[in-house]
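Chemist:
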Amino acid sequence: MERFNITITHKKQVLDFEVADYLHHTDEHCKFEIYANGEFVASLEPDRHKHLYVCKDAGIVKPEILNLLADKLEALPQPNWKLSLQ
1 MERFNITITH KKQVLDFEVA DYLHHTDEHC KFEIYANGEF VASLEPDRHK
51 HLYVCKDAGI VKPEILNLLA DKLEALPQPN WKLSLQ
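Residue 1 is where the sequence shown starts when you use the UniProt record's numbering, and the numbers rise one by one after that.
Okay, here's the thing in structure tokens:
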């Protein structure tokens, strides 16, 4: 598992999150886990077209924020996504 920080802006507010990337994940676990201040927010999983969808939502942040997070993650180079989609 690799962890990194990601920042998004929503309605002029800067929001910081920590992402746990499960490099060798299986179907038993979602690819990305998102945390805010150490609290679990959501898990995201790529579909076969490498678009992220929410597979677990703790209901802590609004759906539009989850969409912004997914968009930002999709824009990052992720060569290991191929492993998760085989």
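Every residue gets a Cβ at the ideal spot worked out from N, C-alpha and C, and that includes glycine.
State buried or exposed for residue 5, treating a residue as buried only when at least 16 other CB atoms are found within 10 Å of its CB.
Modeler: Its Cβ having fewer than 16 others within 10 Å, residue 5 is exposed.
Chemist: Of all the options 66, 7, 60, 74, which has the alpha carbon lying nearest to the alpha carbon of residue 46?
Modeler: Nearest option by C-alpha distance: 74.
Chemist: In whole angstroms, what separates the C-alpha of residue 32 from that of residue 13?
Modeler: Spanning the two alpha carbons is a distance of roughly 23 Å.
Chemist: Can you check DSSP and say which residues form a bridge with residue 46?
Modeler: According to DSSP, residue 46 bridges with 52.
Chemist: Is the beta carbon of residue 68 sitting closer than 8 Å to the one on residue 8?
Modeler: Contact: yes.
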